[in-house]
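Going down the list, the protein sequences come from chains A and B. FYI, the numbering for the first sequence is 1314 to 1822, going by the numbering used here. FYI, the numbering for the second sequence is 585 to 655, going by the numbering used here. The beta-carbon is built from N, C-alpha and C at its ideal position, and this holds for glycine as well.
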Amino acid sequence: MTARSRFKCYTMATFPIENCLLISTKTCRFTQDFATLQSQPAVMEQAHSQSERQVYSLFDITESITRMFRKHYAMPFWIRAEISKLNLYPHSGHCYPDLVDRQQGKVRAQVRGIIWRDDLFEITRKFESVTRESFREGINIMFLAYVRFSSEYGLSLQITDIEPLFTLGELAREKLLTIERLKKEGLFNQNKLLEMPLLPARLAVISAETSKGYSDLKVTLENNVSGYRFHLTMFHALLQGNGAVESIRRQLLAIQAQKHLFDAVLIIRGGGDETGMSCYDNYALASLVAGFPIPVITGIGHSTNETVAEMVAAINKITPTAVAHYLIGRFDEFSHRIGNAAAMLEVSARLILQTASDRFAKASEDFVDAAFELIKNEQQHTDMLGREIRDNVNATVFNHRIALSRYETGISTGPARILMQSDAKIAEIQRMVQVHKNHFIKQQIDQLNHTEGKVKLLDPVNVLKRGFSITRLNGKALKGNAKPAAGDELETETLSGKIFSTVFNKELS
Amino acid sequence: MKKEINYTQAITELEAIVSEIENASIGVDELSEKVKRAAELIKYCRGRLTATEKEVNSILGNLGNDEDIQE
């Protein structure tokens, strides 16, 4: 912006005819020469049509052009263009940059530039002091140039001065574009989101072996007080200026091919001048860093603004030494964690032991108490049982004693009673005898008398007395069934004597 | 008196004799013999009771002496 406001500036493509009118105010001869130039082809055409050819040597033509340029382009112009190729010839010290004008990547104008050795020195110094970029290919510059035409070399722009602020603005714009594009593509935070290994020890280092930055890194890592071991693998690269983008990219891709061997990638630069740092704003490099599969740590040591590569790297430290301290810090942190864990372990173990010990002591106490309580209860129970046994025994013994006493009483009183009963029986019998003895005798006498009476009644005399007689036949008493025959002699006895008779007749029933 | 006899046998025999005497189901002829036997049995049983009582009390008394718990 500054550049545009301060200078009237042209791109090489937009340096058209119509602008000449503006320029003509600076140089009045311009329009005249321009008219002359325009008229010449018309003349030639005329000649051709008349078959009267006027033939010019090439030199005539180029000299004519040269003259025209010398006349009309005597004053220099501010022009912006990209240096597509620097073409520096170290031997002569001159520089013949290819200047191009691109629109959407396509070249729409290309002119060769010339910077003479003395101008180049001044331009480079001025440019680098302001932009902190080397005067190199691929950058856009705004320069003051004379438009030259020489018969021998054709059209060229002789650059005599430069406006570095323009390039600074361009670089800033490019940087912004890179950032925007990375964000749009979702790459910007990708490397930051990778998990940094707990102990980043295997390190792929993109650096220059001879650089002070690498030396700082190495010395700091190797001399860490805790004796941590880091394994550095060197990937040599250009770290600034021309070719840095491609060089760093090539090494990043080499590392990517063996990424399993590394915990992190370090991009280390330091020492020397700080020109050519814009390579880290380059999209091709920054996007590779952003999308890199393992964490990238940058330490490219500079005092200018943070570059895009640094923005997208997982970790960015300004200096290589700071990178080394960061890595050592990771180890320290881990060591500290282990130390804490060890201390914690000890405390915890002690606590657990103490708790267990307390519990055991308490349990022991409880056990003893419970045991005493149990024993006491059992004692009481046993005592009670003992008492019960004793009481029961005593009661039983007492009952048996009572029974025995009863039995004794029974034994002692029983016989007396039995004897008494026997006595009583005898007495009764005696009494019965006494009571019944007279009656018994009388009875006997009565019976005897009765029997005597019976016996008397049965005496045959008594029967004879009562008038009865006994008739006998042959000495035997004649009983009812006797059947004496006639002529039998019967003997009949009466009270007064015997009568003999003979059976005369018989009348038997 | 036979030595082999125990308390239960003795008391059973005694009870039988007492029952006979109380029921007067015993003849005068065997009376004095039975009473003599009963007296013997009673004496024996009393002796056994006294001995048993003493023994039990002695055993329980000994238990009481062991009550101190050793820690």
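Under 9 Å by beta carbon: chain B residues contacting residue i
i, result
"Gln1693/A", "Within 9 Å Cβ-Cβ: nothing; Gln1693/A doesn't reach chain B, min ~10 Å."
"Gln1743/A", "Here the premise fails: no neighbours, minimum Cβ distance about 17 Å."
Interface partners of residue i on chain A, CB under 7 Å
i, result
"Ala623/B", "Ile1724"
"Asn641/B", "Arg1703"
CB of residue i within 9 Å of CB of residue j, strictly
i, j, result
"Val1625/A", "Val1578/A", "no"
"Ile1613/A", "Ile1581/A", "yes"
"Glu1587/A", "Ser1560/A", "no"
"Asp1576/A", "Ala1514/A", "yes"
"Thr1379/A", "Ser1464/A", "yes"
"Ile1783/A", "Pro1773/A", "yes"
"Ile1472/A", "Ile1427/A", "yes"
"Val1706/A", "Glu637/B", "yes"
"Glu1446/A", "Gly1554/A", "yes"
"Asp1431/A", "Phe1456/A", "no"
"Pro1403/A", "Val1443/A", "no"
"Ile605/B", "Ile1731/A", "yes"
"Arg1425/A", "Leu1470/A", "yes"
Through-space distance from residue j to residue i, alpha-carbon basis
i, j, result
"Gly1540/A", "Ile1607/A", "25 Å"
"Lys1789/A", "Thr1807/A", "15 Å"
"Leu1601/A", "Ala1655/A", "41 Å"
"Lys1792/A", "Gly1766/A", "25 Å"
"Phe1632/A", "His1544/A", "Checking the displayed sequence, the identity of residue 1632/A turns out to be Thr instead of Phe. Roughly 19 Å between the two C-alpha positions."
"Gln1423/A", "Ile1641/A", "53 Å"
"Ser1661/A", "Val1538/A", "30 Å"
"Gln1693/A", "Ala1676/A", "25 Å"
"Leu1507/A", "Ile1665/A", "39 Å"
"Asp1696/A", "Ser642/B", "14 Å"
"Gly1800/A", "Asn1762/A", "46 Å"
"Leu633/B", "Glu1741/A", "45 Å"
"Thr1340/A", "Ala1458/A", "Note on Thr1340/A: pLDDT 42, under 50, position unreliable in the model; no value is reported."
"Val640/B", "Arg1703/A", "7 Å"
"Lys1769/A", "Met1745/A", "35 Å"
"Glu1678/A", "Ile1688/A", "15 Å"
"Ser603/B", "Val1710/A", "21 Å"
"Ser1725/A", "Val1748/A", "35 Å"
"Trp1827/A", "Phe1479/A", "Look at the range of chain A in this structure, 1314 to 1822, and you will see that residue 1827/A is not part of it."
"Leu1534/A", "Tyr1639/A", "10 Å"
"Ala1599/A", "Leu1371/A", "51 Å"
Residue i: contacting residues in chain A (beta-carbon distance under 8 Å)
i, result
"Thr636/B", "Val1706 and Val1710"
"Glu606/B", "Gly1723 and Gly1727"
"Asn626/B", "This sequence places Ile at residue 626/B; Asn is not what is there. Correct list: Leu1717, Tyr1720, Glu1721 and Ile1724."
For residue i: DSSP bridge partner residues
i, result
"Arg1515/A", "His1544/A"
"Asn1707/A", "DSSP lists no partner for Asn1707/A."
"Ala1422/A", "Asp1414/A"
"His1404/A", "According to DSSP, His1404/A bridges with nothing at all."
"Gly1612/A", "Ile1581/A"
"Asn1453/A", "Glu1395/A"
"Leu1803/A", "Leu1786/A and Ser1814/A"
"Ala1458/A", "Phe1390/A and Ile1472/A"
Residues of its chain near residue i, where Cβ-Cβ distance is below 7 Å and the 5 sequence neighbours each way are ignored
i, result
"Ala1603/A", "Leu1495, Leu1500, Phe1501, Gln1503, Asn1504 and Val1625"
"His1549/A", "Ala1521 and Glu1522"
"Phe1434/A", "none"
Contact set between residue i and chain A, taken where Cβ atoms lie within less than 9 Å
i, result
"Ile610/B", "Gly1727, Pro1728 and Ile1731"
Sequence-distant residues of the same chain with beta carbon closer than 6 Å to residue i, five excluded per side
i, result
"Ala1669/A", "none"
Chain-ordered chain B contacts of residue i [CB-CB under 8 Å]
i, result
"Ser1735/A", "Val612"
"Leu1714/A", "The question names Leu, but residue 1714/A is Arg in the sequence shown. Within chain B, the residues near Arg1714/A are Arg630 and Leu633."
Close beta carbons around residue i, own chain, < 8 Å, minus the five adjacent residues each side
i, result
"Glu1395/A", "Leu1412, Val1413, Asp1414, Arg1415, Gly1451, Ile1452, Asn1453 and Ile1454"
"Arg1785/A", "Leu1791, Leu1803, Glu1804, Thr1805 and Glu1806"
"Ala1798/A", "Val1816 and Lys1819"
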